[in-house]
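Undergrad:
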Amino acid sequence: MALVALLAGCVTVRSTVVTFTPEPTEASSETPSEEAPPEEAPPDRTPVAVAPTDDSLPPGQPTATFVMFPTVEATATEVAAAATAMPSPADVAPPPTSEGPPGAPELPPPPVATMTAGPIIGPNYTPAVTSTPPPTSSPIPSLTATPGPSPTPLPTLRSELLGVQIHPFIEEEALIPLLDRAKSELGVRWIKYQVEWELLEPQPGQRGVQFQILERFIQHAHNRDLRVLISVVAAPDWTRSPVTMAEYPDDPYPEEGPPDDYQTYADFIRYMSEHFVNRVNAIEVWNEPNLRREWFNKPLGGAEYMRLFDATYRAVRSGSNPDIILVTAAPAPTGVNDHVTAVDDRAFLTEMYRAGLANYDANVAVGVHPYGWGNPPGATCATDCNPGAERGWDDQRFFFFRDTLDDYRAIMTQFGDSNRQMWATEVGWPTFDGFGVEPDAAIGFFKYVTEQDQAHYLIEALSYMQSQAYMGPAFIWNMNWAIFAGRDGIQPLEQEAGYAILRPDGSARPAYELLRRAPKR
941 MALVALLAGC VTVRSTVVTF TPEPTEASSE TPSEEAPPEE APPDRTPVAV
991 APTDDSLPPG QPTATFVMFP TVEATATEVA AAATAMPSPA DVAPPPTSEG
1041 PPGAPELPPP PVATMTAGPI IGPNYTPAVT STPPPTSSPI PSLTATPGPS
1091 PTPLPTLRSE LLGVQIHPFI EEEALIPLLD RAKSELGVRW IKYQVEWELL
1141 EPQPGQRGVQ FQILERFIQH AHNRDLRVLI SVVAAPDWTR SPVTMAEYPD
1191 DPYPEEGPPD DYQTYADFIR YMSEHFVNRV NAIEVWNEPN LRREWFNKPL
1241 GGAEYMRLFD ATYRAVRSGS NPDIILVTAA PAPTGVNDHV TAVDDRAFLT
1291 EMYRAGLANY DANVAVGVHP YGWGNPPGAT CATDCNPGAE RGWDDQRFFF
1341 FRDTLDDYRA IMTQFGDSNR QMWATEVGWP TFDGFGVEPD AAIGFFKYVT
1391 EQDQAHYLIE ALSYMQSQAY MGPAFIWNMN WAIFAGRDGI QPLEQEAGYA
1441 ILRPDGSARP AYELLRRAPK R
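Numbering (my numbering), first residue to last: 941 to 1461.
#1: For Pro1450, which option in Val1149, Trp1369, Pro1310 and Glu1228 has the closest C-alpha, if you only look at C-alpha atoms?
#2: Could you check whether the stretch 1320 to 1328 touches the stretch 1376 to 1391, counting it as contact only if at least three pairs of C-beta atoms, one from each stretch, sit closer than 8 Å?
#3: Reducing DSSP to helix, strand and coil, say where Glu1453 ends up.
#4: Could you give the first and the last residue of the continuous alpha helix (DSSP H) run that contains Met1352?
#5: Contact between the stretch 1097 to 1113 and the stretch 1202 to 1216: three or more CB pairs below 8 Å?
#6: Can the beta-carbon of Arg1286 be found less than 8 Å from the beta-carbon of Asp1380?
#7: Could you tell me the boundaries of the alpha helix (DSSP H) in which Ser1213 lies?
#8: Tell me whether the beta-carbon of Ala1414 lies closer than 8 Å to the beta-carbon of Leu1102.
#9: With three or more C-beta pairs closer than 8 Å as the rule, is the stretch 1308 to 1317 touching the stretch 1332 to 1351?
#10: Going by beta carbon distance, what residues of the same chain come within less than 7 Å of Val1032, once the five residues before and after it are set aside?
#11: Give the C-beta separation of Leu1097 and Ser1403 to the nearest angstrom, bearing in mind that I take them to be a contact with Cβ-Cβ under 8 Å.
#12: Would you report the Cα separation of Leu1297 and Met1246, rounded to the nearest angstrom?
#13: How would you call Trp1471, buried or exposed, if buried means at least 16 neighbouring beta carbons within 10 angstroms?
#14: Pick out whichever of Met1362, Arg1349, Ala1302 and Glu1366 has its Cα sitting closest to the Cα of Asn1227.
#15: Is the closest heavy atom of the ligand PLP to the C-beta of Ala1255 under 7 Å?
#16: Rounding to the nearest angstrom, what Cα-Cα distance links Leu1140 and Val1225 in this structure?
#17: Within a Cβ cutoff of 7 Å, which residues of the same chain sit near Glu1291, ignoring the five residues on either side of it in sequence?
#18: Anyone know if the C-beta pair for Leu1248 and Pro1198 falls short of 8 Å?
#19: Only counting the same chain, and skipping five residues up and downstream in sequence, which positions put a Cβ closer than 8 Å to that of Arg1360?
#20: Tell me the rounded alpha-carbon separation between Glu1100 and Ser1124.
#21: With DSSP run on the structure shown, which of helix, strand or coil describes Gly1384?
#22: Suppose you measure from the CA of Pro1262 to the CA of Val1256; what does that come to, to the nearest Å?
#23: Would you report the Cα separation of Ala1458 and Thr1092, rounded to the nearest angstrom?
#24: Note down the Cα distance separating Thr1320 from Pro1273, rounded to an integer number of angstroms.
#25: Have a look at the DSSP bridge pairing and note the partners of Val1267.
#26: Count the other C-beta atoms from every protein chain shown that fall within 10 angstroms of the C-beta of Asn1218, then say buried if there are 16 or more, exposed otherwise.
#27: For a test of the three-state rule: what should DSSP assign to Ala1448, helix, strand or coil?
#28: Quick one: grab the DSSP three-state call for Lys1460.
#29: Is Tyr1245 helix, strand or coil when you go by DSSP?
#30: Going by DSSP, what residues sit across from Met1364 in a beta bridge?
#31: Closest by CA to Val1173, which one among Thr1252, Leu1345 and Tyr1300?
#32: Given Glu1138, which residues of its chain have a CB within under 6 Å of its CB, disregarding the five upstream and five downstream residues?
#33: My output table needs one value for Trp1235: the three-state DSSP class, helix, strand or coil.
#34: With respect to the beta strand (DSSP E) encompassing Ala1105, which residues constitute its N-terminal and C-terminal limits?
#35: What number of angstroms, rounded off, separates the C-alpha of Leu1118 from the C-alpha of Leu1398?
#36: In three-state DSSP terms, what is Val1276?
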C-alpha cells in the first residue's frame, strides 16, 4: 500500500482576496520607547534572537493587497511591468523606520492566485471511511467546563520554540491583527511565511511587486519582535528548460520545480539572507523535495536535493550574513518509494546523510513535517497499527507523529549527527468539524479528528517536542487558511482549511483557544 503525505498539492484552488474583522486583541503595535535586550536562549535550542524596533515601515512603501501564489499565467510580463531592478547585496541598506507619507500610491493589484493542495493516493491504497475510532492518546482537559474536580493543568510551553505559519491571502491591514494575536494571545515567538521565488524575481535581477509586499510583511513581524522563517520554493520560468503539458500529460502541475542550474537558487537565497539581515532569522531551503510535484523535471532523491542545498549553503556562508539558520527542506511523510512520483521520506533523509548532511555547521537544522493524519500524537505503529483494517491511515509508520520523529532521530544518530536540531516546519491535525462539510473520500481521515481532538493533539504534540532536547522550534500549520477558503465557503477538498486554527470569520477554533490558555514561559 502507498500514500503520499498531506499538503503537497493535487487540487487547484483559485483565490480572491478577503478581509475579515478579527477578535479584539490587547496587542499593541505602538512604537517601543527603547530597544529591549534580546532574550537569552538556552544552549543549542534557539540560536537567533531579534531585538524589537519601532513599529514602522520603509518610507513610501504603499499599502497593498498581498497574494503569495499567483497563477502561472499571470505572468512574468504583467509582474515585471511593475518590477524594479534588484540591487546587489552590497547596495542593500536596512530600511528606514519612519512611516511613508500619507496618500502614498498603491501597488498594482496582484494576479489571481492558484494553490495546490491535497494528498496523492497510491494506486493500491483505498481505505474505507468507517466509524472505527482512532487509537487513544494521553488525556488533555476539555475546553468545556464541567462540575467536579479541577481538570489536569495544561502544559507550560516555551514561547521561543513556538511558531505559526500565516498564509498571506489577505490584505495588509488584515495581516497586522493576525501578527498581534499570534504574539499576544498565542504567545508564539516565530512566524513562517512560504514564498514563491517566481513571484519575487519574475525576471533576472528584478524585484517583483510581491517582493515589495513581502518586505512589508517581514517588517511588520520584525517590529513586533517576532522571529521570521521563510521557505522559498518554485523556480521562475526563466531559470528552467521549457516544460509543456504535452510533454508530461500525466502530471497536472509541471510548473513546480527547481532551476536547471542550482547556483541560480543559491545566489537568490544569498541575496535574501543579506537583504533581510536581522529581519529574517532562518530560511528553509525548498519544501517537500521528495515529491515529484514539488521537484518536477529533476531526479527525485536525497542526494540530488543535497546538490541544491550544498550550493545554497556555500553561497550563504560566503556572504555578509553567514550565520543565518538554514533548514533543510522537510520531506513529506510517505510510503511511496518509486523515485518517480515520490521517495519514501525515511529513505530520502538517509540519502541526504549519505550525501554529506552531517558535515555542515551547527546552524543547519533538519526540517521535518511530523503529521499524524487521524492518529493522536501519543499513538505509535508498534501499538496502534492496524494492517488490513477498514479504517485506514493507520497501518504504516509514516502515519504516526511519534514514529516520524523517532525514525528521523534514529537516522541522524546512525550517521553520527545526534547533536543537530530538527525543526518541525509544519505540524498540525485536520478536521472539517464545525465547517458544515464532509471530507472527500481521499481525505477520509479528517473524520477521525474533532475540533476538540485537534486542540488536544496539537497541545500534546507541542509539549512532547519541547521535551526533546534535539527539537528546535515547531510551526503550527496553519493559522488562517480557513479565512482564505471562506471567501466562497469551505469546499471539501480545500483541505488546508481543515488544519487552520481560525475559522473563516477569524474567530477562534478550540485549538487556538487551548493554545491561548496554555501557560508560556
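All C-beta atoms, glycine included, are put in the ideal place defined by N, C-alpha and C.
TA: Per the coordinate set shown:
#1: Position 510 of the sequence shown, counted from the first residue, corresponds to residue 1450. Checked all of Val1149, Trp1369, Pro1310 and Glu1228; the closest Cα to Pro1450 is Trp1369.
#2: no
#3: The residue given as residue 1453 occupies position 513 in the sequence shown. Of the three classes helix, strand and coil, the one that applies to Glu1453 here is helix, per DSSP.
#4: Within the sequence shown, the letter at position 412 stands for residue 1352. Run containing Met1352: Phe1341 to Gln1354, per the alpha helix (DSSP H) assignment.
#5: no
#6: Position 346 of the sequence shown holds residue 1286. Position 440 of the sequence shown holds residue 1380. Taking 8 Å as the Cβ cut-off, Arg1286 and Asp1380 do not qualify as a contacting pair.
#7: The sequence position of residue 1213 within the sequence shown is 273, counting from 1. That run of the alpha helix (DSSP H) goes Tyr1202 to His1215.
#8: For the purposes of this step, residue 1414 is taken as the residue at position 474 of the sequence shown. For the purposes of this step, residue 1102 is taken as the residue at position 162 of the sequence shown. Yes, they are a contact pair.
#9: yes
#10: Here residue 1032 refers to the residue found at position 92 when the sequence shown is read from its first residue. The predicted model places Val1032 with a pLDDT of 32, which falls under 50 and marks its position as unreliable; any figure quoted below should be read in that light. Around Val1032: Glu1214 and His1215.
#11: Indexing the sequence shown from 1 puts residue 1097 at position 157. Indexing the sequence shown from 1 puts residue 1403 at position 463. Sure, about 7 Å apart at Cβ, within 8 Å.
#12: Here residue 1297 refers to the residue found at position 357 of the sequence shown. Here residue 1246 refers to the residue found at position 306 of the sequence shown. Looking at the two C-alpha atoms, the distance is approximately 8 Å.
#13: Nothing about residue 1471 can be reported from this structure: the residues present for the chain run from 941 to 1461 only.
#14: The residue labelled residue 1227 in the question sits at position 287 within the sequence shown. Comparing Cα-Cα distances from Asn1227 to each of Met1362, Arg1349, Ala1302 and Glu1366, the minimum goes to Glu1366.
#15: Questions concerning the ligand PLP fall outside what the structure shown contains, since it holds no ligand whatsoever.
#16: Position 200 of the sequence shown holds residue 1140. Position 285 of the sequence shown holds residue 1225. Taking the straight line joining both Cα atoms gives about 15 Å.
#17: Along the sequence shown, one-based indexing puts residue 1291 at 351. Same-chain partners within the cutoff: Gly1241, Gly1242 and Ala1243.
#18: Along the sequence shown, read from residue 1 onward, the residue named residue 1248 stands at position 308. Along the sequence shown, read from residue 1 onward, the residue named residue 1198 stands at position 258. Going by C-beta atoms, Leu1248 is nearer than 8 Å to Pro1198.
#19: Working through the sequence shown from its first residue, we reach residue 1360 at position 420. Within the same chain, Arg1360 has close Cβ partners Ala1298, Ala1302, Val1304, Ala1305, Val1306, Met1352 and Tyr1410.
#20: As a first step, residue 1100 must be located in the sequence shown, where it is residue number 160. As a first step, residue 1124 must be located in the sequence shown, where it is residue number 184. Approximately 13 Å between the Cα atoms of the pair.
#21: Locating residue 1384 in the sequence shown gives position 444, counting from the first residue. In the structure shown, Gly1384 sits in a helix (DSSP, three-state: H, G or I).
#22: Position 322 of the sequence shown, counted from the first residue, corresponds to residue 1262. Position 316 of the sequence shown, counted from the first residue, corresponds to residue 1256. If you take the alpha carbons of Pro1262 and Val1256, they lie about 6 Å apart.
#23: Locating residue 1458 in the sequence shown gives position 518, counting from the first residue. Locating residue 1092 in the sequence shown gives position 152, counting from the first residue. Cα-Cα distance, rounded: 12 Å.
#24: If you number the sequence shown from 1, residue 1320 lands on position 380. If you number the sequence shown from 1, residue 1273 lands on position 333. Looking at the two C-alpha atoms, the distance is approximately 15 Å.
#25: In the sequence shown, the residue the question calls residue 1267 occupies position 327. According to DSSP, which records beta bridges pairwise, Val1267 is partnered with Glu1224 and Ala1305.
#26: Taking the sequence shown and counting its residues from 1, the one referred to as residue 1218 is at position 278. Its Cβ having fewer than 16 others within 10 Å, Asn1218 is exposed.
#27: Locating residue 1448 in the sequence shown gives position 508, counting from the first residue. Strand at Ala1448.
#28: For the purposes of this step, residue 1460 is taken as the residue at position 520 of the sequence shown. Strand, per DSSP.
#29: Your numbering for residue 1245 matches position 305 in the sequence shown. Three-state DSSP puts Tyr1245 in a helix.
#30: Counting from one through the sequence shown, the residue named residue 1364 turns up at place 424. Rather than Met, the amino acid found at residue 1364 in this sequence is Ala. Looking at the DSSP assignment, Ala1364 forms a beta bridge with Val1308 and Ala1414.
#31: By one-based count along the sequence shown, residue 1173 stands at place 233. The shortest Cα separation from Val1173 among Thr1252, Leu1345 and Tyr1300 belongs to Thr1252.
#32: Residue 1138 sits at position 198 when you count from the first residue of the sequence shown. Excluding residues within five positions, the ones whose Cβ falls inside 6 Å are Ala1174 and Pro1176.
#33: As a first step, residue 1235 must be located in the sequence shown, where it is residue number 295. Trp1235: coil per DSSP, three-state reduction.
#34: Within the sequence shown, residue 1105 is the residue found at index 165, counting from 1. Here residue 1105 turns out to be Gln, not Ala, going by the sequence shown. Leu1102 to Gln1105 is the span of the beta strand (DSSP E), which, as asked, contains Gln1105.
#35: The residue you call residue 1118 lines up with position 178 of the sequence shown. The residue you call residue 1398 lines up with position 458 of the sequence shown. If I take the Cα positions, the gap works out to 19 Å.
#36: Residue numbering aside, residue 1276 sits at position 336 when the sequence shown is read from its first letter. Of the three classes helix, strand and coil, the one that applies to Val1276 here is coil, per DSSP.
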